[in-house]
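To start, the structure under review is shown below, and the notes come after it.
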Amino acid sequence: MDSASSYSVLVDKTFWLILGSSIIMLFAITATMIWFVFKYSRKRNPNPAQIEGNAILESIWTIIPTIMVLIMFFSGWAGFKVMRNIPEDAMEVTVYARKWSWMFEYENGVQSSVLVVPVDKNVKLNLVSNDVIHSFYVPAFRLKEDCVPGYDNVAWFKAIEEGEYNLFCAEYCGDQHSNMITKVKVINSEEYDTWLVEQDTKPIGIDILSINGCTACHSLDGSKLVGPSFKGLFGITETVLTDGEERTITVDEEYIRRSIKEPMADITAGYPPVMITLPNLTDEDVDAMIQIIKDLK
Amino acid sequence: MVESNLINSYLGNANSSGLKSWIFSTDHKRIGLLYLYCMMAFFIVAMLLGVLMRLELLQPGEQFISAKTYNQTFTLHGVIMIFLFIVPGIPAAIGNFVLPLQLGAEDVAFPRLNLLSWWIYIFGAILALTSLFGGGGFADTGWTFYAPYSINTDTNVSLAVLAAFVLGFSSILTGINFITTIHRLRAKGMGFFRMPLFVWGLYATGWIQIIATPVVGITLLLIFLERTLGLGFFDPTMGGDPVLYQHLFWIYSHPVVYVMILPAMGVISEILPAFARRTIFGYKAIAMSSMAIAIVGYLVWGHHMFTVGMSDTARWIFSLLTFLVAVPTGIKVFNWVATLYKGSIQLAAPMLLALLFIFEFSIGGLTGLVNGALSTDIHIHDTSFIVGHFHYTIFGGAGIGLMAAMHYWFPKIFGRMYSEKSAKTAIGLIFVGFNTLYFPMLIMGILGMPRRYHDYLPEYQPYHMVSTIGSWILVLGITIMIWNLVRSARKGEPAPDNPWGATTLEWKTPSPPPQLNFDYTPEVQTGPYDFSEILSKDANKKKQ
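Put into structure tokens, the structure is as follows:
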């Protein structure tokens, strides 16, 4: 497996220490057991010896395992200390976890749905959730820390190799938990600087839907997720529930605008009432979203 | 002779047949069997749910069930397995039957309370099953009911946590009953250090049940109140604290894994001497390590929360304490292996299961070291490594311990022998199936496969596929085992009083035991594993 952060080698050392001694231990226990069962079978050894214990032997297998587990503890703690010691010069990225997508906000206000970072640079993560608990997990970095509503959790890493790595949600968070996956893209620092400027200046595009988490529940290809697909949505007639009463509407600009701003006002029949409001959207953003949905035929 | 045994026994007493004579019986033996039958029924249901999950995970993408159904399935699997099967587990089913017999008593200290415990268990089970059909369907939170998800989901969490709350009382009452029984009803001459080690296991378990269960009871009640009355204990939007929930939950739910495992360790400590025909190695160390595990086990709950944002100091303290629990567990394993040394070993089914227990549980314990160390836990937390580790300890430990107990005491309970050949076939399949099912989970977890995933990235597929195939083999083995036991309970060869040549008191009364357990007043002059009498009888037989 990839080992791509500055401290992942340190973590792996503890892994090998523990797994190595465990395999030796398991082998020793199993082999001794099988040997005894064979050697002292009732056929070969009809007269058992009644041995009640042995103080020296019992002390040995109390003291040596104690020392061994203390070594393992220290090894684990040493790696952990590095993980928790956030370098002062780290660039900050705020991680917004929500049902069921990720959004990353950089120091200049740029937002993205894939975490883009420069290689060999310390990155501090501010982990935010406003709905339920999620967990930021990048296996290749050996990094995991929960995004807990009401808590300001932080974490950090330094990616030491360029590439793309999986980023999972590791804390169960509902229906689409297993789709709450994105990537960490590690690029060199020049590319990163260019990317950041590009993002800041480019016009609003279709990625506004993924950045704001829309596509976690509304597909762009007609498949049914948690909410109705955006494909071919504009202009059709739908049955919705308004204050618990059924009515029939046509999906037009006004309807979409209201659905974004007050998601609970009308619930399309057959779908759960779970959509959250997005308070940070500008009117310009909403107009752009409506245009994109219109175009998805 | 055997038939007359049956008529005079607790099973066949003339004025005590029919359903009523069972569900209102205060006989600890009948109550033990009531628990056993109910638990087995729940186990089979939850096992099939597990098979369903494995089928869904055979390939990436949606196969048979939607994400939401999958989430409800693993919740139901967990809730049934934990609250209805393995927490009552060995104490309620086997402990109820065996404890008074091993102590030389007529019954537990509070027979009517014992019956009440069973009725509370049934009531809790009915509540849990009702929640399947009401509200928004069964809870989809996982058996851990983490807030604020459990506060906000529209599934029927309220009834499910209420059921778990009710079930807690059953557990507490059983704990109180057993501890009183152990203190007050030991046979004449049986000091604490002459008690069988299974009794020590139940004793340590009883204390955990009494002290830890009320905490989770209250916690789940708080969830119920938060959902119904909107009191903000755990939801931050109402001023609550979601991490507080996790603390309260794990203060119980970590010690409760010892409620599951300590009695199983006790079972193993009975079987090894019986089939090696020699006294246990390090009696006091095994007895005391049960108590040490019970006590230190209280102080390690934080290792379930290493990624939640606890203070770094709290994290290393919990890590250190977690490693310390490993020591008494290790002592037990070493003593068990040493008990085989210079024994006279008979590899019957209970012994095979005991050895299987030591192997699988060792893997469970050793993988626990990965979870205890801080830096490695951060990586494998909430991955399928945890699922694998948990099943190695609880299924490989408590589950196989229960199987071992069911075979070991089967002749005593039913007065008949099971088929040794079918038992061994089943055990072989279970060994292969178990490891094929759970070992790939350990590997996947280290490679980063998160748990509770309905769908996964294609790179994990080979492991999922092997794991799913393992589940079929395991289920086949378990089916043969259950079939063998059910059939033999009616049609097996009649069993002698002491088929294994074991030394504890339950073997010094007829199989099955009479209604009041003993036709004489048992007295004890030696420790529990004194084989001199058995061995001299054997020698006499040979001379003749």
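Residue numbers (the numbering used here), protein chains in the order written: chain A, 1132 to 1428; chain B, 50 to 593. All C-beta atoms in this analysis are idealised placements derived from N, C-alpha and C, irrespective of residue type, glycine included. No experiment lies behind these values; they were computed from the predicted model shown.
Proximity of E1302 (chain A) to chain B, defined by a Cβ-Cβ separation below 8 Å, is satisfied. Residue-level contact by beta carbon fails for I1187 (chain A) and chain B, as no gap is shorter than 8 Å. Not flagged as an interface residue toward chain B: Q1242 (chain A), since no C-beta distance is shorter than 8 Å. For N120 (chain B), a Cβ of chain A is located within less than 8 Å of the residue's own Cβ. Closer than 8 Å to the CB of L98 (chain B) there is not a single CB belonging to chain A.
Distance between R465 (chain B) and I518 (chain B), taken at the CA atoms: about 35 Å. With a contact defined as Cβ atoms closer than 8 Å, A1301 (chain A) and D431 (chain B) qualify at about 4 Å. At the C-beta level, E1369 (chain A) and I1380 (chain A) come within 8 Å of one another. Secondary structure note for L164 (chain B): its alpha helix (DSSP H) is the uninterrupted segment P160 to F182. With respect to chain B, the C-beta atom of W1326 (chain A) has no partner C-beta closer than 8 Å. Taking a contact to require three or more Cβ pairs closer than 8 Å, the segment 186-205 of chain B and the segment 287-304 of chain B qualify as touching. At least one CB atom of chain A sits nearer than 8 Å to the CB of I380 (chain B). For T1368 (chain A), the enclosing beta strand (DSSP E) has its first and last residue at T1368 to T1373.
Annotated as distal: Y86 (chain B) and Q564 (chain B), with beta-carbon spacing of 8 Å or more. As the crow flies, the alpha-carbon of V1382 (chain A) is around 15 Å from that of H1349 (chain A).
Residues of the segment 419-453 of chain B with a C-beta atom less than 8 Å from some C-beta of chain A are V419, G421, A422, L423, S424, T425, D426, I427, H428, H430, D431 and T432, listed in chain order. Exposed is the label assigned to F242 (chain B), since fewer than 16 other Cβ atoms lie within 10 Å of its Cβ. One thing to note: G1210 (chain A) has its Cβ within 8 Å of the Cβ of L1141 (chain A). The contact set of K117 (chain B) on chain A, defined by CB atoms closer than 8 Å, consists of D1306 in chain order.
Taking C-beta atoms under 8 Å as the contact rule, C1278 (chain A) and V1259 (chain A) qualify, at a distance of about 6 Å. The three-state secondary structure of F406 (chain B), taken from DSSP, is helix. Between T1399 (chain A) and V1371 (chain A), the beta carbon gap of about 5 Å places them in contact (Cβ cut-off 8 Å). Put simply, the CB of F383 (chain B) is near chain A, with a gap under 8 Å to one of its CB atoms. Around the C-beta of Y467 (chain B), 16 or more other C-beta atoms lie within 10 Å, and the residue is accordingly described as buried. For F1167 (chain A), the C-beta contacts it makes with chain B under 8 Å involve V386, L389, Y390, G392 and I394, in order along the chain. Contact with chain B is found for W1208 (chain A), since one of that chain's Cβ atoms lies less than 8 Å from the residue's Cβ. About 15 Å separates the CB atoms of Y84 (chain B) and P149 (chain B); that is not less than 8 Å, and the two are not in contact. The bridge partners DSSP lists for E1377 (chain A) are A:L1372.
The segment 352-372 of chain B makes contact with the segment 1199-1206 of chain A: 3 or more CB pairs, one atom from each, lie closer than 8 Å. Per the C-alpha coordinates, the member of B:L525, B:R103 and B:T474 positioned closest to P511 (chain B) is B:R103.
In the pairwise beta carbon analysis, the segment 125-142 of chain B is classified as not touching the segment 520-531 of chain B: fewer than three pairs are separated by under 8 Å.
Selection B:G421, B:A336, B:I443 and B:I449 evaluated against P577 (chain B) yields B:A336 as nearest (Cα-Cα). Within the model, the alpha-carbon separation for T552 (chain B) versus A323 (chain B) is close to 7 Å.
Across the set B:G417, B:L271, B:L451 and B:K69, the C-alpha of B:L451 shows the shortest separation from the C-alpha of M530 (chain B).
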